[in-house]
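Numbering (this note's numbering), first residue to last: 12 to 649.
Okay, here's the thing in structure tokens:
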């Protein structure tokens, strides 16, 4: 067994020597920035020797550019770059695979060689470029090796370059002594072709092709812009490589796929996939900016507590001063008479179980405030913020309804069960609603039916029943009020407002059925917010029509809250990001921080919306302050 293995080994060595002796090898001393147009076949091999001088305080890249000049239908050409500490090999035409086994071939290939660090002041090393092929026909190629002068990126200096799938680019960045964190921002005037930005450690090999760029480091897909924050502590060599790769397909960035060839082995026409990009490295925000942003946020919300404390102290001082003046003027009154001055039997307040009373507790307002504070959890769970907005809208409508119907107290279980159903429909819409006509028909029918039921509840002030005889009663009302004699509605004001609300809701249902928007969660939230605003307007109009008035404090809260909501919605509709699109497409809308260099438009939206929600809850709590001195059984119900 040992003798036979030794015989085979000797045979392979002798055969390899014969093959190498039979192949004609051409060795050339080559120079940088020189064009070489040569021919190679299976009988020949070309070797180019280059001398590269490296300086310790000056880093230059070396780039090898190759192009096939002949019509290469057979075996490809193999280029092998032999360096002292590594080998880079690639074939031309370069074949890259896409989705579903699509093949893309590129005749023009360019690669940047990985440069090892040097400790000497000046060091000269040689590297070799070997060109060979198994094709029996002559293959003509173009070879050029150049220095990359702008291989090292500088802080706050823009650098533009071009890249293709077969000609990736990467550059080196070294942290300055006083910088611990930087932001690498890459932009492009065109969205496609799709590209990838990768941050890799300074080591060889560098993964700079579409099929391996995601193997190491951190990366982002990109259409028009991408940005990655890099910290010094993550790279022990004091710097990193910025790798830019153009993908063979645009599917990862939301683009379409090319046709699928009839023959799976047929290369797909890739067209012109050159992309112009610009890279800029800037220092990240400092610790002072972080602290300033946090203190600003704390100060904004702490100011509300300080303002509330000042108002409380002012009211207590005013109350004590008033009571002191009264007691001084009637010094002979006994304790019983003094107690009558503080409370009248006509102002006795009953709880929610009393007749026609308005509940004075904030049991619904407290969950409202909790929901608004918990909206910060949106960064942790998907759709959490939208779900909280559903709850806020539902609880606010419930609070408004219970102001005039305190005898109808919905339990927490039933209230949150209804909100859970809304959230369940939201999830169904996100999963199944995109382009599904059946889903939109079912949802539109449910929306319209629910609108009619709610309108009936408001018109009859809850004095109706939903049972098996509802259809018979509807037909009876239609016959007596419309067919037998045309009678006007009993509550004209209420009917007009409800008809307007139904028109708006039917319009929203028609819009959803016709357009079928992709963002179903936002569409459902728009329905909830619109109905909340409609019911709020209905409440205020009916309150004024009933002879009641709005005190200056609620009126001021309404005006200020409306203004803040207007500014908040302005920043909300800037559309800085969206979950409907791919991450690369969503990054197109990213903008620089505009407030203190720390907060962007979306952060300002959260600030203003939280303040606006706080003002909205104040409006809910003080809207009926004019009824404090009115007997509970004298308050209008609507």
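Glycine included, every Cβ here is placed at the ideal spot set by N, Cα and C.
**Q.** Same chain only: Cβ atoms within 6 Å of residue 585, ignoring 5 sequence neighbours per side
**A.** Position 574 of the chain shown, counted from the start, is the residue given in the question as residue 585. If we look at residue 585 and ignore the five residues flanking it on each side, its Cβ neighbours are 612.
Q | Option in 598, 506, 531 and 411 with minimal Cα separation from residue 455 | A | Here residue 455 refers to the residue found at position 444 of the chain shown. Selected option, being the one with the closest Cα: 531.
(Q) For a minimum of 3 consecutive residues, which ranges assigned as the beta strand (DSSP E) are wholly contained in the region 192 to 227? (A) 192 to 198 and 206 to 211
Q | Any beta strand (DSSP E) of 3 or more consecutive residues that is wholly inside the region 508 to 575 | A | none
(Q) Out of 406, 206, 165 and 208, which one is the CA nearest neighbour of residue 542? (A) If you number the chain shown from 1, residue 542 lands on position 531. The residue with the shortest Cα to Cα distance from residue 542 is 406.
(Q) For a test of the three-state rule: what should DSSP assign to residue 141, helix, strand or coil? (A) As a first step, residue 141 must be located in the chain shown, where it is residue number 130. Residue 141 falls in the strand class under three-state DSSP.
Q: Give the DSSP bridge partners of residue 136, in chain order.
A: For the purposes of this step, residue 136 is taken as the residue at position 125 of the chain shown. Per DSSP, 63.
Q: For residue 252, count neighbouring Cβ atoms within 10 angstroms of its own Cβ and tell me buried if that reaches 16, exposed if not.
A: The residue given as residue 252 occupies position 241 in the chain shown. With 16 or more other Cβ atoms within 10 Å, it is buried.
Q: Quick one: residues in its chain with C-beta nearer than 6 Å to the C-beta of residue 105, no 5 flanking neighbours on either side, listed in chain order?
A: Position 94 of the chain shown, counted from the start, is the residue given in the question as residue 105. For residue 105, where only same-chain residues beyond five positions count, the Cβ hits under 6 Å are 117, 120 and 177.
**Q.** Candidates 231, 615 and 300, of which the one nearest residue 581 by Cα
**A.** Here residue 581 corresponds to residue number 570 of the chain shown, with the count starting at 1. Nearest option by C-alpha distance: 615.
Q. Can you list, in chain order, the residues of its chain whose CB lies under 6 Å from that of residue 535, leaving out five sequence neighbours each side?
A. Here residue 535 is taken as the residue at index 524 of the chain shown, counted from 1. Closer than 6 Å at Cβ, skipping near neighbours: 437.
Q) For residue 262, which residues of its own chain have a beta-carbon under 7 Å away from its beta-carbon, when the five flanking residues on both sides are left out? A) Taking the chain shown and counting its residues from 1, the one referred to as residue 262 is at position 251. Excluding positions up to five away in sequence, the list reads 110 and 268.
Q | Local conformation of residue 47 per DSSP, three classes | A | Within the chain shown, residue 47 is the residue found at index 36, counting from 1. Strand, per DSSP.
Q) What is the DSSP secondary structure of residue 91, counted as helix, strand or coil? A) In the chain shown, the residue the question calls residue 91 occupies position 80. Note: residue 91 maps to strand in three-state DSSP.
Q: Please go through the same chain and pick out, in chain order, the residues whose beta-carbon is closer than 6 Å to the beta-carbon of residue 96, but skip the five residues on each side of it.
A: Residue 96 sits at position 85 when you count from the first residue of the chain shown. Within the same chain, residue 96 has close Cβ partners 127.
Q.
Looking at residue 210: is its Cβ nearer than 8 Å to the Cβ of residue 224?
A. Working through the chain shown from its first residue, we reach residue 210 at position 199. Working through the chain shown from its first residue, we reach residue 224 at position 213. Not in contact: residue 210 and residue 224 (Cβ atoms no closer than 8 Å).
Q. Given that a residue counts as buried once 16 or more other Cβ atoms are within 10 Å of its Cβ, and exposed if not, what is residue 188?
A. What you label residue 188 is simply residue 177 of the chain shown in a count that begins at 1. Flag for residue 188 reads exposed.
Q: Assess, as a yes-or-no matter, whether the region 31 to 45 is touched by the region 58 to 66 under the definition of 3 or more beta carbon pairs within less than 8 Å.
A: yes
Q) How about residue 162 and residue 288: do their beta carbons lie closer than 8 Å? A) Along the chain shown, one-based indexing puts residue 162 at 151. Along the chain shown, one-based indexing puts residue 288 at 277. It is not a contact, given that the beta carbons lie outside the stated cut-off.
Q) Going by the CB atoms, is the gap between residue 512 and residue 544 shorter than 8 Å? A) Taking the chain shown and counting its residues from 1, the one referred to as residue 544 is at position 533. Taking the chain shown and counting its residues from 1, the one referred to as residue 512 is at position 501. Not closer than 8 Å, so no.
(Q) By the DSSP assignment, the beta strand (DSSP E) with residue 35 in it spans what residues? (A) Counting from 1 along the chain shown, the entry for residue 35 is found at position 24. Looking at the DSSP string, the run of the beta strand (DSSP E) that includes residue 35 is 35 to 40.
Q) Would you call residue 152 buried or exposed, if buried means 16 or more other Cβ atoms sit within 10 Å of its Cβ? A) Within the chain shown, residue 152 is the residue found at index 141, counting from 1. With 16 or more other Cβ atoms within 10 Å, it is buried.
**Q.** Option nearest residue 648 by Cα separation, candidates 555, 624 and 632
**A.** Position 637 of the chain shown, counted from the start, is the residue given in the question as residue 648. It is 555 whose Cα lies nearest to the Cα of residue 648.
Q. Just how far apart, CA to CA, sit residue 228 and residue 583?
A. Along the chain shown, read from residue 1 onward, the residue named residue 228 stands at position 217. Along the chain shown, read from residue 1 onward, the residue named residue 583 stands at position 572. Whole-angstrom Cα-Cα distance: 34 Å.
Q) What's the gap between the Cα of residue 306 and the Cα of residue 427? A) The count along the chain shown starts at 1 and reaches residue 306 at position 295. The count along the chain shown starts at 1 and reaches residue 427 at position 416. About 36 Å.
Q: Over the uninterrupted alpha helix (DSSP H) stretch that includes residue 458, give me the two end residues.
A: Within the chain shown, numbered from 1, the residue matching residue 458 stands at position 447. Looking at the DSSP string, the run of the alpha helix (DSSP H) that includes residue 458 is 448 to 470.
Q | Cβ-based burial, residue 213 [other Cβ within 10 Å; buried from 16] | A | Position 202 of the chain shown, counting from 1, holds the residue named residue 213. Buried, by the Cβ-count rule.
Q. Between which two residues does the alpha helix (DSSP H) carrying residue 81 extend?
A. Mapped onto the chain shown, residue 81 falls at position 70. Note, residue 81: premise wrong, no alpha helix (DSSP H); not H, not E.
Q) Do the CB positions of residue 624 and residue 452 come within less than 8 Å of each other? A) Counting from one through the chain shown, the residue named residue 624 turns up at place 613. Counting from one through the chain shown, the residue named residue 452 turns up at place 441. Contact: no.
Q. Where DSSP assigns a beta bridge to residue 289, which residues make up the other side?
A. Residue mapping note: residue 289 aligns to position 278 of the chain shown, counting from 1. Partner(s): 171 and 198.
Q) Three or more beta-carbon pairs under 8 Å between the region 551 to 570 and the region 617 to 636, yes or no? A) yes
Q. What's the C-alpha gap between residue 569 and residue 186?
A. Locating residue 569 in the chain shown gives position 558, counting from the first residue. Locating residue 186 in the chain shown gives position 175, counting from the first residue. Approximately 53 Å, taken between the alpha carbons.
Q: May I have the straight-line CA-CA distance separating residue 78 from residue 154, to the nearest angstrom?
A: In the chain shown, the residue the question calls residue 78 occupies position 67. In the chain shown, the residue the question calls residue 154 occupies position 143. Rounded to whole angstroms, residue 78 to residue 154 spans 7 Å at the Cα level.
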